[in-house]
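Below is one structure, written out as structure tokens; the observations come after it.
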Amino acid sequence: MLARKRVKPLGVLGDVLFYGGLTLVALVMALPFYWMVVTSLKPNADIFRDPVQWWPERVTFEHYVKAFTTVPFARYFYNSFVMAALGVLANLFLGSLAGYAFARLRFPGREALFRMKLASLLVPGIITLIPTFIILRTFPLVGGNDLAGQGGYGLLNSYWAVVLPGAAGAFAVFFMRQFFRTLPDDLVDAARVDGASEFLIFWRIYLPLCRPALATLGIFTFQAGWNLFLWPLIVFNDPDMATVQMGLQSFSFNHTTDYGPLMAASVVVSLPVLLVFVFAQRYFTQSIAFTGTK
Amino acid sequence: MTLHKTTTPATSPPRPARRRSRLLRPEARAALLFISPAMGLFLLFTVAPVVFAFVLSFSRYDILTPVRWVGLANYARLLTDDLFWLGVRNVGFYALLYVPSMIACSLGLALALSRPKPGMVFFRTLFYIPAVTSSVAGATVWSWMLQRDYGVVNQVLGAFGIQGPAWLANSDTAMYAIVFVTLWQGLGGSIIIYLAGLAGVPRYLYEAAALDGATPWQSFRFITLPTLRTTTFFVTFMTLIGAFQLFDQAYVMTQGGPGYATTTAVYQIYQNGFTQLQMGYASAQAFVLALAILVVSLLNLRLNRDSGVT
Chain W
1 MLARKRVKPL GVLGDVLFYG GLTLVALVMA LPFYWMVVTS LKPNADIFRD
51 PVQWWPERVT FEHYVKAFTT VPFARYFYNS FVMAALGVLA NLFLGSLAGY
101 AFARLRFPGR EALFRMKLAS LLVPGIITLI PTFIILRTFP LVGGNDLAGQ
151 GGYGLLNSYW AVVLPGAAGA FAVFFMRQFF RTLPDDLVDA ARVDGASEFL
201 IFWRIYLPLC RPALATLGIF TFQAGWNLFL WPLIVFNDPD MATVQMGLQS
251 FSFNHTTDYG PLMAASVVVS LPVLLVFVFA QRYFTQSIAF TGTK
Chain U
1 MTLHKTTTPA TSPPRPARRR SRLLRPEARA ALLFISPAMG LFLLFTVAPV
51 VFAFVLSFSR YDILTPVRWV GLANYARLLT DDLFWLGVRN VGFYALLYVP
101 SMIACSLGLA LALSRPKPGM VFFRTLFYIP AVTSSVAGAT VWSWMLQRDY
151 GVVNQVLGAF GIQGPAWLAN SDTAMYAIVF VTLWQGLGGS IIIYLAGLAG
201 VPRYLYEAAA LDGATPWQSF RFITLPTLRT TTFFVTFMTL IGAFQLFDQA
251 YVMTQGGPGY ATTTAVYQIY QNGFTQLQMG YASAQAFVLA LAILVVSLLN
301 LRLNRDSGVT
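Residue numbers (the UniProt record's numbering), protein chains in the order written: chain W, 1 to 294; chain U, 1 to 310.
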């Protein structure tokens with residue numbers, strides 16, 4: 001044992017191998033982002049140069065201009081942003097409301113109802129795909145539908161089609177419940193004595209204490225909403241409703257791809273979430289770890 | 001919860017003290033009001049769709065004409081639908097590659113990152129970045145990088161004298177490319193879950209083992225791995241469920257091709273349901289896939305419990 005510990009060169013070699021390995025992985029992880037940015041800044045001729053050009057010799061922003069002019073990308077950006085933001089607001093409010101009730105209020109069937117809601121995390125999304133589409137399409141009295149849900153398109157091609165099914169996700173309820181359980185209960189007594197309503201107690205006393213949890217959940221929900229792909233693809237066929245993720249498809253026609261604008265658009269699509277991540281990475285990693293160790 | 005062990009002081013001025021059961025009533029009413037939006041959405045967008053999908057799987061429905069009851073016809077047709085089973089096989093092959101790679105890579109990297117060395121926060125952050133970007137943007141960039149002639153991957157390989165194939169246009173390599181890209185994307189999330197798990201392994205166990213002269217491998221095998229059992233179960237479970245529903249990357253990078261090499265089960269369901277409007281048949285397929293997920297999950301659970309006994 002002791003003899004082995006004294007061998008110093010081996011330790012240095014170990015460190016070199018250790019950091020070398022991590023750096024290699026890091027390069028692979030980061031390469032796509034680098035390559036996306038570099039390609040988006042190169043003029044077309046340089047994109048397809050044979051000895052690969054690792055550094056843009058000539059920088060141009062023409063692809064960014066093109067991304068926003070040949071395709072209504074600003075519109076897609078707005079759509080994605082509105083839907084992600086509505087999703088955040090809905091989940092923060094409804095999730096904390098339900099989470100608070102499940103954590104702090106007593107009512108018959110509390111545990112059973114909570115478990116049922118939690119079980120929806122286990123329902124594979126694929127099974128609800130088609131029925132949810134039909135439910136949204138035949139929603140009564142909206143989008144040209146009559147009382148029986150016939151005649152129009154219901155909630156399809158509206159923001160609701162994306163926002164509503166995910167407005168109070170099981171994860172949001174579970175996450176907020178866990179947080180509410182960590183708060184002390186004596187706060188509530190004084191307020192009850194003063195005759196405050198249950199909603200006021202929730203809204204004025206407990207919710208403000210939840211800012212860190214709300215921030216975490218908000219960031220998480222925004223990321224999830226922004227990155228949605230399959231569901232918007234199904235419920236939107238109006239080109240005006242397309243999201244940024246769907247928009248990325250519009251740079252390939254007939255097996256030819258316009259890589260410059262496509263990479264520029266990819267930068268634009270990735271930027272909001274990356275920015276949020278840079279400013280709030282602590283929250284991100286905590287909430288992931290939190291879900292893993294429940 | 002201890003909420004109701006605290007009784008209201010009898011002297012509180014605005015309202016006289018009440019008995020517990022009566023005090024509970026407004027609270028319960030408020031609680032039901034608080035949970036009703038979340039539970040209403042749950043009923044409308046989870047419970048009802050699952051029941052609905054089951055019913056739909058016994059019918060023929062194309063949205064335009066009324067639902068027609070066809071009994072087991074969809075399931076009978078499913079048995080002979082080679083394309084769907086090819087999708088299932090592709091997904092099975094994908095999962096078989098993806099899940100073990102994910103566990104091995106994320107556990108290995110988490111073990112490395114959990115060492116008390118400088119710079120680990122930096123690497124941790126870097127490894128997590130792909131997980132926050134969208135699968136579509138990630139897949140888009142990778143399909144550019146995996147291009148045969150101008151793709152950076154083959155350019156790098158070329159520097160080492162290796163002639164890389166047209167990764168995505170070759171039916172032998174397309175699925176491997178998708179495994180790699182999804183691994184690139186998913187690794188960060190699993191690493192963090194593993195890091196959280198590793199943080200929960202008691203230090204003193206390692207110290208005791210070191211005193212007993214255990215090798216690093218032995219401490220890993222007999223302390224780290226058993227303590228991480230729950231974490232590994234969780235990661236396997238989530239990774240599996242995700243793997244079975246592979247869609248985004250297969251859609252963006254290969255459109256299910258070349259040939260049908262990367263056609264996944266979800267891709268098939270999407271096509272049957274929404275491009276051919278065979279909602280009933282697609283529901284039957286979704287049900288079979290969900291059932292497969294359930295069986296594999298239960299199997300995983302069982303294996304996990306068995307390993308927990310020994």
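Every residue, glycine too, gets a C-beta built ideally from N, C-alpha and C.
- Within the model, the alpha-carbon separation for residue 48 (chain U) versus residue 102 (chain U) is close to 34 Å.
- Rounded to the nearest whole angstrom, the C-alpha separation of residue 204 (chain W) and residue 189 (chain W) is 14 Å.
- Taking 9 Å as the cut-off, the beta carbon of residue 273 (chain U) is found closer than this to the beta carbon of residue 282 (chain U).
- Interface residue (Cβ-Cβ distance to chain W less than 9 Å): residue 217 (chain U) is not classified as such.
- Residues of chain W with a Cβ closer than 9 Å to the Cβ of residue 150 (chain U) are, in chain order, 47, 48, 49, 50, 52 and 259.
- Chain-order list of chain W residues neighbouring residue 92 (chain U): empty, with the shortest C-beta distance near 15 Å, by a criterion of under 9 Å.
- Bridge partners of residue 69 (chain U) according to DSSP: U:59.
- The beta carbon of residue 224 (chain U) sits closer than 7 Å to the beta carbons of 201 from its chain, once the five residues preceding and following it are set aside; these are given in chain order.
- DSSP links residue 252 (chain W) through a beta bridge to W:257.
- Counted as a single uninterrupted DSSP element, the alpha helix (DSSP H) harbouring residue 98 (chain W) occupies residues 73-104.
- U:291 is the residue among U:278, U:291 and U:168 whose C-alpha sits nearest the C-alpha of residue 127 (chain W).
- Secondary structure of residue 53 (chain W) (DSSP, three-state): coil.
- Only exposed fits residue 150 (chain W), as fewer than 16 other CB atoms lie within 10 angstroms of its CB.
- Contact between residue 286 (chain U) and residue 269 (chain U) is confirmed by a C-beta separation of about 5 Å, below the 8 Å threshold.
- Under the three-state reduction of DSSP, residue 257 (chain U) is assigned to coil, being neither helix nor strand.
- Closest option to residue 182 (chain W), judged by alpha-carbon separation, among W:158, W:274, W:210 and W:170: W:210.
- In the same chain as residue 176 (chain W), and ignoring 5 residues on each side of it, the C-beta atoms closer than 6 Å to its own belong to 95, 96 and 99, in chain order.
- The contact set of residue 248 (chain U) on chain W, defined by CB atoms closer than 8 Å, consists of 229 and 230 in chain order.
- Membership of residue 133 (chain U) in any alpha helix (DSSP H) is not indicated, and neither H nor E is assigned to it by DSSP.
- Taking a Cβ-Cβ threshold of 7 Å, the residues of chain W close to residue 50 (chain U) are 123, 127 and 128, in chain order.
- Non-local beta-carbon contacts of residue 240 (chain U) in its own chain, meaning distances under 8 Å to residues more than five positions away in sequence, involve 95, 99, 293, 296, 297 and 300 in chain order.
- Residue state for residue 153 (chain W) is assigned as coil, using DSSP reduced to three classes.
- Just so you know, the alpha carbons of residue 55 (chain W) and residue 14 (chain W) end up roughly 32 Å apart.
- Less than 9 Å separates the beta-carbon of residue 188 (chain U) from that of residue 127 (chain U).
- Within the model, the alpha-carbon separation for residue 170 (chain U) versus residue 92 (chain W) is close to 46 Å.
- Counting the other CB atoms within 10 Å of its CB gives residue 30 (chain U) a total of 16 or more, which places it among the buried residues.
- Residue burial is scored here from C-beta neighbours: residue 32 (chain W) has at least 16 other C-beta atoms within 10 angstroms and is therefore classed as buried.
- Distances from the CA of residue 46 (chain U) to each of W:78, W:130 and W:74 were compared; the closest alpha carbon is that of W:130.
- Counting the other CB atoms within 10 Å of its CB gives residue 180 (chain W) a total of 16 or more, which places it among the buried residues.
- The alpha-carbon of residue 176 (chain U) is positioned some 52 Å away from that of residue 107 (chain W).
- For residue 248 (chain U) against residue 143 (chain U), the beta-carbon gap comes to about 12 Å, at or over 8 Å, which does not count as contact.
- Between the region 154-163 of chain W and the region 230-238 of chain W, the count of C-beta pairs closer than 8 Å reaches three or more; the two stretches touch.
- The criterion of a C-beta distance shorter than 9 Å is satisfied by residue 62 (chain U) and residue 278 (chain U).
- Shown in chain order are the members of the region 179-198 of chain W whose Cβ falls below 9 Å from a Cβ of chain U: 181, 185, 186, 188, 189, 192, 193, 194, 195, 197 and 198.
- DSSP places residue 99 (chain U) in the uninterrupted alpha helix (DSSP H) bounded by 82-113.
- Excluding its 5 nearest sequence neighbours in each direction, residue 37 (chain W) has C-beta neighbours in its own chain below 7 Å: 267, listed in chain order.
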